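Structure record follows, encoded as structure tokens.
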Amino acid sequence: MIHIGEVLVSKGEGGVYGERMLDGYRVWDPYRSKLAALYLVGTCPELKPDMKVLYLGAANGTTVSHVADYVEVVYAVEFASRPMQDLLEVARRRKNIMPILADASSPEHYAPLVETVDLLYQDVAQPDQAAIVIRNSIFLKTGGHLILMLKTRSVDIRKKPELVFQDTLDILMSSGITICESTWLAPYHQDHAAIVCTIKHPV
Ligand code: SAM
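Using numbering that gives the first Met the number 0, read the sequence shown as starting at 0 and increasing by one per residue.
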């Protein structure tokens with residue numbers, strides 16, 4: 000990953016979401032992107048030029064655009080039409096983003112469009128986040144990494160965030176997924192956790 004001093008940056012054309020530029024690089028704002036926050040508070044696999052990424056919950060392409068600055072291709076799944084319009088504009092200005100208008104709960108709908116990936120990234124903020132990521136793990140190559148951004152309040156607003164976090168870890172582990180790291184994203188994002196996993200064998 001590229002840092003200028005303490006600042007995480009990516010190399011690409013700016014002007015995607017009003018991000019700052021620093022020495023010609025795009026500043027990757029940890030308050031706007033949970034993945035940037037994870038790179039600052041935890042350990043996370045490095046993004047590399049030969050990597051293929053499946054990104055679930057692309058929204059308007061803020062984080063997708065930074066990931067695309069580092070990797071070969073990003074398959075960006077989003078089911079809401081409004082953010083998809085912005086994502087299409089981001090994809091038009093980059094050569095390696097494949098926007099897919101689809102529900103991440105139904106990977107069979109976009110399976111013909113997606114190849115095996117090195118990294119599966121999910122940020123859908125839904126009650127069944129763990130189930131969605133498990134369903135999509137069919138796209139992950141053996142030994143690849145899976146990153147789940149967990150919004151605990153979306154899973155169960157009445158339950159303590161710590162319990163939702165632990166329940167999610169249990170669900171993932173009982174599916175044969177190995178947890179590499181799990182961390183809260185404070186101070187950048189409250190009640191959000193990141194879970195970095197790997198899969199030794201297809202789930
Ligand atoms: N990852 C984005 C970023 O960092 O720039 C922010 C994502 S936002 C928290 C969650 C997004 O997931 C929303 O745009 C929402 O429409 C999308 N989403 C939620 N459930 C989804 C699903 N089942 N399939 C596809 N997209 C979904």
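Quick reminder that beta carbons are idealized off the backbone N, C-alpha and C, glycines included. This structure is a prediction, so every number in the text was calculated from the model and none was measured.
### Query
Whose C-beta lies closer than 8 Å to the C-beta of Ile131 among residues of the same chain, with five residues either side of it excluded?
Closer than 8 Å at Cβ, skipping near neighbours: Leu55, Ala103, Ser104, Gln121, Val123 and Gln125.
### The beta strand (DSSP E) enclosing Ile178, as first and last residue numbers
Thr177 to Trp183
### Query
How do the stretch 187-196 and the stretch 164-178 stand: do at least 3 beta-carbon pairs fall below 8 Å, yes or no?
Enough Cβ pairs lie closer than 8 Å, so yes.
### Task
Say yes only if the C-beta of Leu53 is nearer than 8 Å to one or more non-hydrogen atoms of ligand 1, and no if none qualify.
no
### Phe78: CB within 8 Å of a non-hydrogen atom of ligand 1
yes
### Query
Thinking C-beta only, is Thr61 closer than 9 Å to Ser80?
no
#### Entry: Segment contact, 8 Å Cβ cut-off, at least three pairs: the stretch 77-92 with the stretch 134-151
no
### Message
Is the separation between the beta-carbon of Met172 and that of Leu118 shorter than 9 Å?
### Response
no
### Chain-order list of residues whose beta-carbon lies under 6 Å from that of Leu37 (same chain, five-residue window excluded)
Cys43 and Ala193
### Task
Quickly, what does DSSP pair Gln121 with across the bridge? List them, please.
Leu55 and Leu147
### Query
How many angstroms separate the CA atom of Pro160 from the CA atom of Ala75?
28 Å
#### Entry: Simplified DSSP assignment, three categories, for Met50
coil
### Among Ala58, Asp28 and Asn95, the one whose alpha carbon lies nearest that of Pro48
Pro48 has its Cα closest to that of Asn95, out of Ala58, Asp28 and Asn95.
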